[in-house]
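Chains X and S, in that order, give the protein sequences. In case it helps, our numbering puts the first sequence at residues 1 to 476. In case it helps, our numbering puts the second sequence at residues 1 to 296.
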Amino acid sequence: MADNGDNDSQHRVNEGDYVVLKRGDIYKAVQIQKKKKTVFEKQWFFLDNAVGELYGTTFEVVTGGTLQPRKPKCVESSADAKEAGTDNRNILDDGKSQKLTRDDIETLKEQGLKGQEIVQQLIENSTTFRDKTEFAQEKYIKKKKKKYENSVMVLRPSCRVLAMMYHGREPGKICHLRYDTLAQMLTLGNIHAGSKVLVFETCAGLVLGAVMERMGGYGSVVQMYPGGGPVRAGMESFGFPSHFHDTLHEFPICHVNALLAGALDTEAKDKDADSGQANGDKSNLTQTDSEKAESKECSPDTEDQCMETSTSTDPAADKEREEREKLREIRGQEKKVKMEEKRKKLAAAAAVLEGRNADGLVIASRFHPCPVLLGLIKFLAPSRPFVVYSQYKEPLIECYTKLREQGGAVSLRLTDSWIRHYQVLPNRTHPVLLMSGGGGYLLSGTTVSTDTPKMGPTRGEEPAAKRLKLTETTEG
Amino acid sequence: MSFVEYSEFIQEGDVAIIFLGHDSMMPVKVQQGAQTQTRYGVIRHSKDLIGQRFGTKVTCSKGGWVYVLHPTPELWTLNLPHRTQILYTTDIANITMMLELKPGSVVCESGTGSGSLSHAILRTIAPTGHLHTVEFHQQRAEKAAEEFREHRVGHLVTVRNQDVCKEGFGVTGVADAVFLDIPSPWEAVKHAKNAMKRQGGRVCSFSPCIEQVQKTVEALADEGFQEISTLEVLLRVHDVRSITLPLPDFGSDQPLETPTDTPVPSNASVLCKTTTPPRDMAGHTGYLTFATKPSV
């Protein structure tokens with residue numbers, strides 16, 4: 001959003017905001033609620049003092065569990081030009097160099113010593129500290145700081161932060177989608193404001209949220225979902241303004257075939273007051289729902305009837321009966337309203353999909369990608385990108401092969417992304433020791449028209465066939 | 001057509017991407033009466049392109065055919081005329097996410113170069129964001145501005161022909177994100193900090209050499225930037241292949257009864273669908289260093 005001069009308020013934390021807490025490389029998504037205890041990295045505290053502060057502020061957790069904004073003082077004055085050794089040839093690692101015991105440290109913590117002070121105590125009580133090289137001393141201080149610091153940074157949620165959080169905390173929930181792979185998906189899919197994007201994901205709503213962030217509330221997103229309802233927890237963590245939700249539709253995949261065949265009827269023909277009437281329409285949804293409504297209505301009725309027959313003349317019971325009937329009516333009305341809302345939503349989503357002119361398709365799920373892709377690609381306009389993520393390579397090989405056979409897509413590419421972090425310090429620059437082993441695979445491509453051109457002779461070969469210049473004795 | 005909005009039909013003045021076959025494409029400026037030569041024959045713009053849908057198959061004069069695609073920043077990156085070494089989609093994708101770019105973002109970039117990243121940024125920040133891009137080479141700056149106009153994104157970008165290390169980006173306190181792809185990024189860190197919003201923002205520096213990275217990280221730390229992180233990303237491509245592997249013949253496990261004249265032919269083989277890596281791959285483009293400007 002464009003910045004209005006010096007108006008800070010959109011950069012400050014408000015109550016009810018969705019934020020992300022950060023310490024080092026650990027992230028956690030929470031909602032700011034006053035007087036509610038939050039747990040993060042084995043510490044309990046209240047987020048109340050974060051309200052009104054700028055996003056990106058670092059806080060100290062003080063005794064009592066409250067947050068205090070940390071003053072940006074001149075840090076690192078502790079590592080003065082004190083004594084240091086030249087190498088570790090005489091340093092014995094016998095586990096006895098630290099004189100403070102665990103209990104001692106606990107006592108210091110209870111006394112309310114800040115993280116930095118505890119680290120200072122550890123340095124002073126270490127017999128080998130002054131023999132370490134300067135580099136080793138810095139490394140030691142960094143390590144202890146990480147263990148004993150109690151600072152928390154409050155961040156605005158974003159795709160970057162949430163993708164790293166999910167990948168670090170709960171990769172299983174997002175099919176082990178690594179954040180750089182997600183970045184590739186958003187770019188290869190040309191996700192941008194004003195387009196119409198279809199998303200099918202079982203990544204807790206993270207992919208959906210990422211797509212919505214890149215659309216900025218413009219255009220529309222249709223979330224295709226398996227099962228009973230769409231999962232959106234990850235998307236909620238983005239904390240989008242409410243108008244973003246107006247652009248979001250959902251469509252259950254169990255109706256995809258009906259929609260493609262033109263057999264999905266989203267009009268409830270019978271506006272009868274009796275919700276139990278079976279409408280003469282073809283839509284499974286309204287039928288099963290009305291049946292469900294009927295069966296739910298039935299059981300309390302019969303129960304009440306049983307009770308009523310025994311106490312038919314009691315005026316108090318009569319009044320109770322009246323009230324129960326009123327409640328039943330209200331519940332019945334509420335159910336009808338809900339069903340009507342659901343029907344409207346389905347109709348709206350179907351209307352968006354029917355034109356088969358979507359601008360992009362993003363798939364990232366635990367389902368076999370092949371049928372998902374082949375089914376949903378039909379909703380895309382020609383010359384539009386699609387991206388399919390899979391934790392495994394083989395299912396995407398199948399997708400590739402089937403798409404090649406059926407045509408309608410060009411520039412098919414099966415890729416995976418390799419990422420490496422670096423430690424950059426004077427005379428100590430090198431890649432970080434631990435590296436991510438894998439972040440999943442992507443199949444991307446662009447749709448093309450499947451109509452034959454009106455003019456010119458038609459041949460059976462696709463342009464792709466012309467490229468074959470086999471250097472191996474294998475079939476292409 | 002525009003690079004920030006899809007349209008259905010090809011019109012005069014559009015840029016279209018002609019897809020000739022596997023990894024073979026070319027950009028085309030659509031004009032009434034114009035013609036484009038391809039290896040499959042001639043494409044006549046007025047007859048074959050204007051009024052057709054993007055994504056259609058177009059038959060050329062020699063009988064071969066091509067597809068006409070709607071331009072995207074990704075296709076542009078693969079087809080644009082190089083005036084400098086460019087950034088490719090893999091790096092661009094990570095830069096976009098790590099700088100937290102989205103509609104409405106205000107971004108400062110230097111150097112503009114050939115405009116590869118610029119187009120991707122414009123696509124992401126449209127319709128309400130703005131890109132301030134600085135290029136110290138006059139002709140490149142002019143060419144970039146011209147291309148932005150032709151691609152109908154001129155309203156989203158300001159090109160400045162100046163030296164970012166000396167004069168900065170030309171704006172202060174407005175940027176959500178700053179991107180540096182210059183020989184001496186450490187000299188521009190202060191300017192990057194000034195260009196960014198007071199309340200904070202993200203910065204990225206792209207450098208091929210590790211020495212540049214070291215100097216830049218030091219400069220960022222000195223200016224109080226936080227969350228300084230350096231990484232590199234590479235894309236591995238997997239070529240899908242059907243391969244036939246012959247099975248070995250270990251002979252029969254029954255003793256021979258009578259010597260036969262014709263040996264039993266054993267041409268058993270197994271068909272596998274698998275992938276092979278290409279012979280070469282991009283091993284290094286540059287190191288990406290990201291940092292956050294803390295709120296004051």
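Even glycine gets a Cβ: it sits at the ideal position worked out from N, Cα and C.
Cutoff 8 angstroms: residue i Cβ touching any chain S Cβ
| i | result |
| --- | --- |
| X/Ile524 | With chain X represented from 1 up to 476, any question about residue 524 of chain X goes unanswered, as that position is not in the structure. |
| X/Asn14 | no |
| X/Pro226 | no |
| X/Gln184 | yes |
| X/Ala29 | no |
| X/Ser383 | yes |
| X/Asn190 | yes |
| X/Ser417 | yes |
| X/Gly56 | yes |
| X/Thr447 | yes |
| X/Val387 | no |
Short CB-CB distance (under 8 angstroms) between residue i and chain X
| i | result |
| --- | --- |
| S/His70 | yes |
| S/Arg53 | yes |
| S/Ser184 | no |
| S/Lys143 | no |
| S/Pro294 | yes |
| S/Val313 | Outside the shown range of chain S, which is 1 to 296, sits residue 313 of chain S, and nothing can be said about it. |
| S/Met97 | yes |
| S/Phe169 | no |
Coil, strand or helix - residue i by DSSP
| i | result |
| --- | --- |
| X/Phe251 | strand |
| S/Ile86 | coil |
| X/Phe129 | helix |
| S/Leu220 | helix |
| X/Ala350 | helix |
| S/Arg39 | coil |
| X/Leu442 | strand |
| S/Ser105 | coil |
| X/Pro69 | strand |
| X/Phe135 | helix |
| X/Phe379 | helix |
| S/Tyr6 | coil |
| X/Asn279 | Reliability fails at X/Asn279, whose pLDDT of 39 lies under 50, so the model's placement of it is uncertain and the value that follows must be treated cautiously. If DSSP states are grouped into helix, strand and coil, X/Asn279 belongs with coil. |
| S/Cys204 | strand |
Counted within 10 angstroms of its Cβ, other Cβ atoms place residue i as buried (16 or more) or exposed
| i | result |
| --- | --- |
| S/Leu247 | exposed |
| S/Gly13 | exposed |
| S/Trp186 | buried |
| X/Leu327 | exposed |
| X/Met212 | buried |
| S/Gln35 | exposed |
| S/Lys102 | buried |
| S/Asp253 | exposed |
| X/Ala278 | Low confidence applies here, because X/Ala278 scores a pLDDT of 40, under 50, leaving its location unreliable; read the following figure in that light. Exposed, since its Cβ has fewer than 16 Cβ neighbours within 10 Å. |
| S/Thr276 | exposed |
| X/Pro431 | exposed |
| S/Glu74 | buried |
| X/Cys254 | exposed |
| X/Arg156 | buried |
Strand pairing of residue i, partner residues [DSSP]
| i | result |
| --- | --- |
| S/Arg149 | None, per the DSSP bridge assignment. |
| S/Met25 | S/Phe19 |
| X/Gly360 | X/Val197 |
| X/His430 | X/Gln423 |
| S/Cys297 | Absent from the model: residue 297 of chain S. The displayed extent of chain S is 1 to 296, so no value can be given. |
| S/Lys57 | S/Tyr67 |
| X/Lys22 | X/Tyr27 and X/Met153 |
Enclosing alpha helix (DSSP H) for residue i [first to last residue]
| i | result |
| --- | --- |
| X/Lys402 | Glu394 to Gln406 |
| X/Phe244 | Ser242 to His245 |
| X/Lys96 | Run containing X/Lys96: none; DSSP gives neither H nor E here. |
| X/Leu188 | Tyr179 to Leu188 |
Residue interval of the beta strand (DSSP E) (run including residue i)
| i | result |
| --- | --- |
| X/Leu414 | Ala409 to Gln423 |
| X/Met435 | First-last for X/Met435: undefined, no H or E at that position. |
| X/Gln223 | Ser220 to Tyr225 |
| S/Tyr287 | Tyr287 to Lys293 |
| S/His238 | Gln226 to Pro246 |
| S/His130 | His130 to Val134 |
| X/Leu155 | Ser151 to Leu155 |
| X/Pro385 | Pro385 to Ser390 |
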